[in-house]
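S.K.: Position one of the sequence shown corresponds to residue 63 (my numbering), numbered consecutively onward.
A virtual CB, placed ideally from N, CA and C, is assigned to each residue, including glycine.
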Amino acid sequence: MDSSLEFSSSLGSVSSLLTRHRTFKVLMIGDSGVGKTCLTHRLCAGEFPCRAEATIGVDFRERLVEIDGEKIRLQLWDTAGQERFRKSMVQHYYRNVHAIFFVYDVTSLTSFSGLNSWIEECRQNSLGQDIPKFLVGNKSDLRDPSRANQQVNQQTAMSFAKAHGMMCFETSEEKVPIKQDQIEDIVLTVAGKLKRHTTINNISVCNGSFKVTSKKGAEKESWSCC
């Protein structure tokens with residue numbers, strides 16, 4: 063199935079059908095309420111949404127990014143964190159994934175602890191070690207020094223990311239000075255990592271389509287926290 067054509071049609075964009083770019087499916091997962099929808103909107107539109115509601119099922123947004131003279135399309139899938147909305151969608155949104163964002167709320171130890179179950183769900187859905195993974199702590203601007211023992215500090219997050227072969231970022235819930243936020247750093251880092259891949263999780267990255275391949279031993283890449 064030509065996934066890119068299907069996705070483009072769902073957006074109703076004729077121009078996206080005429081101009082082909084390598085398309086990468088990036089999955090956003092994490093507990094409900096950690097800010098996945100807001101983060102997805104910011105990564106694609108560069109601004110905060112006027113209003114963010116709980117995602118039911120799955121939604122996605124796209125962004126074209128130019129890296130070293132090549133434009134690639136990042137397709138960010140925003141998934142529901144609540145189990146009752148996920149049951150019927152799990153196999154669908156884990157299909158043909160090229161990268162994963164594990165999102166948690168830095169003010170919630172519960173959402174951070176929940177990452178282990180999301181990692182296990184990825185494993186159960188056969189997402190291989192070669193898929194780039196990114197740990198994103200959201201709501202960093204809402205940290206309260208008086209509740210330090212109830213929140214996730216940067217060192218804890220970086221240790222977790224290192225243990226699981228992820229890169230580590232933090233983003234804000236509200237508007238902060240540009241120099242203090244990492245949104246564009248995330249976009250460029252993800253795009254740069256994906257651009258170098260021709261095969262991820264046995265999926266060949268083609269112009270405008272996904273093609274499953276039986277190629278063994280896909281190229282491995284070392285990951286470290288930023």
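1. I'd like the ranges of any beta strand (DSSP E) spanning at least 3 consecutive residues and lying wholly in the stretch 134 to 222.
2. Quick one, are the C-beta atoms of valine 249 and valine 165 less than 8 Å apart?
3. Assess contact between the stretch 222 to 229 and the stretch 85 to 104, defined as three or more Cβ pairs (one per stretch) separated by less than 8 Å. Is contact present?
4. Are the beta-carbon atoms belonging to arginine 84 and isoleucine 134 less than 8 Å from one another?
5. Where do the ends of the alpha helix (DSSP H) carrying threonine 99 lie?
6. So, with DSSP's three-state summary, where would you put aspartate 121?
7. Taking DSSP's pairing of strands, which residues face isoleucine 91 in a bridge?
8. If you reduce the DSSP assignment to three classes, tell me which class threonine 251 lands in.
9. Examine the Cβ distances between the stretch 176 to 183 and the stretch 202 to 219 and report whether three or more of them are shorter than 8 Å.
10. Which one or two residues does DSSP pair with methionine 229 in a beta bridge?
11. Measuring alpha carbon to alpha carbon, tell me which of Ser94, Asp130, Arg82 ends up nearest lysine 257.
12. Where does glutamate 246 fall in DSSP's three states?
13. Determine whether the beta carbon atoms of glycine 97 and aspartate 206 lie at a separation below 8 Å.
14. Give the single residue among Phe196, Gln212, Gly227, Ala253 whose Cα lies nearest to the Cα of threonine 233.
15. Is glutamine 137 buried or exposed, if buried means 16 or more other CB atoms sit within 10 Å of its CB?
16. Considering only their Cβ atoms, is the gap separating leucine 89 from threonine 172 smaller than 8 Å?
17. Per DSSP, what are the beta-bridge partners of glutamate 128 in this structure?
18. So, is glutamine 212 buried or exposed, given that buried needs 16 or more other C-beta atoms within 10 angstroms?
19. Quick one: using the 10 Å Cβ neighbour count with 16 as the cut-off for buried, is lysine 273 buried or exposed?
20. Expressed to the nearest angstrom, what Euclidean distance is found between the alpha-carbon atoms of cysteine 230 and cysteine 100?
21. For the candidate residues Gly95, Asp93, Tyr155, whose alpha-carbon lies nearest to that of phenylalanine 122?
22. Suppose you measure from the CA of aspartate 93 to the CA of isoleucine 245; what does that come to, to the nearest Å?
23. When the Cα of histidine 160 is compared with those of Asn200, Gln191, Glu132, Lys87, which residue comes out closest?
M.R.: Result, derived from the coordinates:
1. 161 to 167, 195 to 200
2. Position 187 of the sequence shown holds residue 249. Position 103 of the sequence shown holds residue 165. No. Outside cutoff.
3. In this structure the stretch 222 to 229 does not lie against the stretch 85 to 104, because fewer than three pairs of beta carbons, one per stretch, are closer than 8 Å.
4. Residue mapping note: residue 84 aligns to position 22 of the sequence shown, counting from 1. Residue mapping note: residue 134 aligns to position 72 of the sequence shown, counting from 1. Contact: yes.
5. On the sequence shown, position 37 is the one that residue 99 refers to. Run containing threonine 99: 98 to 107, per the alpha helix (DSSP H) assignment.
6. The count along the sequence shown starts at 1 and reaches residue 121 at position 59. Residue state, collapsed to three classes: strand.
7. Start at 1 with the first residue of the sequence shown, and residue 91 comes out as number 29. Per DSSP, Phe164.
8. Stepping through the sequence shown from its first residue, residue 251 is reached at position 189. Note: threonine 251 maps to helix in three-state DSSP.
9. The answer is no - the stretch 202 to 219 does not touch the stretch 176 to 183, with fewer than three Cβ pairs under 8 Å.
10. For the purposes of this step, residue 229 is taken as residue 167 along the sequence shown, with counting starting at 1. Note: methionine 229 sits in a beta bridge opposite Phe196.
11. Here residue 257 refers to the residue found at position 195 when the sequence shown is read from its first residue. Comparing Cα positions, the closest option is Asp130.
12. Here residue 246 corresponds to residue number 184 of the sequence shown, with the count starting at 1. Three-state DSSP puts glutamate 246 in a helix.
13. In the sequence shown, residue 97 corresponds to position 35, counting from 1. In the sequence shown, residue 206 corresponds to position 144, counting from 1. No, the Cβ-Cβ distance between glycine 97 and aspartate 206 is not below 8 Å.
14. Taking the sequence shown and counting its residues from 1, one reaches residue 233 at position 171. The candidate whose alpha carbon is nearest that of threonine 233 is Phe196.
15. As a position in the sequence shown, residue 137 is number 75, starting the count at 1. By the C-beta density criterion, glutamine 137 is buried, having at least 16 other C-beta atoms within 10 angstroms.
16. Translated into the one-based positions of the sequence shown, residue 172 becomes position 110. Translated into the one-based positions of the sequence shown, residue 89 becomes position 27. No; because the gap between Cβ atoms is not below 8 Å, this pair is not in contact.
17. Locating residue 128 in the sequence shown gives position 66, where the first residue counts as 1. Looking at the DSSP assignment, glutamate 128 forms a beta bridge with Lys133.
18. In the sequence shown, counting from the first residue as 1, residue 212 sits at position 150. Classification for glutamine 212: exposed.
19. Position 211 of the sequence shown, counted from the first residue, corresponds to residue 273. Any reading at lysine 273 needs caution, since the residue's pLDDT is 35, under 50, leaving its predicted position unreliable; the model's value is listed next. Exposed, by the Cβ-count rule.
20. Residue mapping note: residue 230 aligns to position 168 of the sequence shown, counting from 1. Residue mapping note: residue 100 aligns to position 38 of the sequence shown, counting from 1. Looking at the two C-alpha atoms, the distance is approximately 18 Å.
21. Position 60 of the sequence shown, counting from 1, holds the residue named residue 122. Comparing Cα positions, the closest option is Tyr155.
22. As a first step, residue 93 must be located in the sequence shown, where it is residue number 31. As a first step, residue 245 must be located in the sequence shown, where it is residue number 183. About 20 Å.
23. In the sequence shown, residue 160 corresponds to position 98, counting from 1. Closest by alpha carbon: Lys87.
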